[in-house]
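Trainee: Basically this note's numbering = 1-based index in the sequence shown + 184.
Glycine residues also receive a C-beta, built at the ideal position from the N, C-alpha and C atoms.
For reference, the structure I am asking about is given below.
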Amino acid sequence: MLKYKNWIGGRRRLDLWRRREMSSKLDHPSKSASVQNYSKGKRRSVALWTEYYLAQTVTDALQTLAEAPGSARVIAGGTDLMLDLQQGRHPPVDTLVDVTNIPELTSLELRQGSLFIGAGVPLNKIIETPIVNEHAQALIEACRLIGGPQVRNTATLGGNVAHALPAGDGTISLLSLGAMAEVARARERKFLQLTDLFLGPGQSALEPRAEILVGFIIPLKSPGEASVFQRVMRPQGVAIAILNMAVWIKRADDRILDSRIAVGPSGPTPKRASNTEAFLKGKHLDEKILSQAKETLLSESHFRTSPHRATSEYRRHISGVLLEETLSNAWMRAEDQADS
């Protein structure tokens with residue numbers, strides 16, 4: 185048995201990244217681990233997980249999830265899950281199944297006329313990959329705003345989406361890009377609309393013991409198309425969004441042929457502003473159209489007051505500002521793309 189000790193409450197901590205480096209040297213993929221917390225000068229042993237399994241294939245991971253005794257969870261970057269475990273927001277897990285050694289989940293490539301990004305791809309790899317910047321600029325802009333450099337080296341796009349937050353930056357940008365999700369079960373693969381992955385705030389529709397999020401399929405960009413992501417944060421730099429928005433448009437002859445607009449949080453689950461998209465279709469973007477688009481967005485969004493983020497009134501106000509900025513920037517980018 186390999187024991188890992190964590191020191192929290194301002195003391196030294198041997199965290200997930202160090203733990204993964206150590207565990208990768210083990211000969212056998214299955215291992216046990218325990219955590220000891222030291223808080224307020226008192227020592228108490230807390231087992232946050234019992235077995236840690238480094239899966240090599242999707243089939244391997246699914247089989248382990250299905251057969252593991254007690255509770256089991258998939259882990260990739262772990263930047264959300266490990267904090268939830270340590271801070272008591274998630275009960276201890278009997279088995280953690282690490283999917284970061286599965287080649288399919290760490291792939292980032294052009295595949296059958298689309299851009300495929302594996303659910304286990306770290307955010308910094310997405311940011312640094314030229315084909316992502318070429319075809320999914322909104323995703324690049326969203327990933328740059330998630331955490332700090334150390335977090336982005338470890339956190340994964342799949343983890344950001346699977347956490348099912350209504351304002352997940354990765355999720356909102358993927359919605360605007362028209363991404364599909366690939367989900368694996370024991371004997372089948374499913375391709376789902378991104379909105380089908382969510383049940384409520386922090387509630388994923390994925391079956392934790394029977395399904396794994398494999399990756400995302402994003403349509404390649406064509407001439408006259410562009411995307412933009414922007415976020416308004418609290419001024420002290422707390423890593424939560426007051427409001428974020430992503431816009432994709434297709435432009436031709438000074439008209440918006442099509443658009444996809446995602447706003448978060450504008451309801452209990454991530455969603456697109458379908459009424460605003462329908463209103464903008466075929467329109468020339470000017471001040472009058474922008475003003476009407478803002479009213480349409482407000483009529484279909486449900487902004488609530490959050491003690492940690494902002495009041496609903498403030499969110500309603502800045503939603504119009506964000507819509508104007510993202511639409512205008514996407515409009516200009518799309519013109520540059522059409523001319524290039």
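(1) For Lys209 and Ile473, I'd like the C-alpha separation in whole angstroms.
(2) How is Leu485 classed by DSSP in three states: helix, strand or coil?
(3) Compute the minimum distance between the beta carbon of Arg444 and the heavy atoms of the ligand FAD, and state whether it is under 6 Å.
(4) If we ignore side chains and look at the alpha-carbon of each, how far apart do Lys465 and Met516 end up?
(5) With contact counted as at least three CB pairs below 8 Å, one residue from each stretch, are the segment 427-441 and the segment 398-416 in contact?
(6) Under 8 Å by Cβ, that's how I've got Leu482 and Ser503 pegged, so tell me the actual separation to the nearest angstrom.
(7) Residues in the same chain with beta-carbon distance under 7 Å from Leu507, minus the five sequence neighbours each way, listed in chain order, please.
(8) Please look up how many angstroms separate the CB atoms of Ile402 and Ala320, rounded, as I've assumed it's under 8 Å.
(9) Exposed or buried, what is Pro275 when buried is set at 16 or more other beta-carbons lying within 10 Å of its beta-carbon?
(10) By a C-beta neighbour count over all protein chains shown, 10 Å radius and 16 as the cutoff for buried, is Asp437 buried or exposed?
(11) With Thr234 as the anchor, note down where its beta strand (DSSP E) starts and where it stops.
(12) Looking only at its own chain, which residues have a Cβ that is under 6 Å from the Cβ of Cys327, when we skip the five neighbours before and after it?
(13) Hey, quick one: how far does the alpha helix (DSSP H) through Glu318 stretch, first residue to last?
(14) Going by the CB atoms, is the gap between Val258 and Val242 shorter than 7 Å?
Mentor: Working from what's here:
(1) With a pLDDT of 34 at Lys209, under the threshold of 50, the modelled position of this residue cannot be trusted, and the question is left open.
(2) At residue 485 the sequence reads Ser, which differs from the Leu that was named. Here Ser485 sits in coil by DSSP.
(3) Of the ligands one can find in the structure shown there are none, so the ligand FAD has no counterpart to examine.
(4) 17 Å
(5) yes
(6) About 7 Å separates the two Cβ atoms, so the contact holds.
(7) Met429, Ala477, Lys478, Leu481
(8) 5 Å
(9) Burial call: exposed.
(10) exposed
(11) 233-238
(12) Leu307, Ile310, Ile311
(13) 314-319
(14) In this structure, Val242 keeps its C-beta atom at 7 Å or more from the C-beta atom of Val258.
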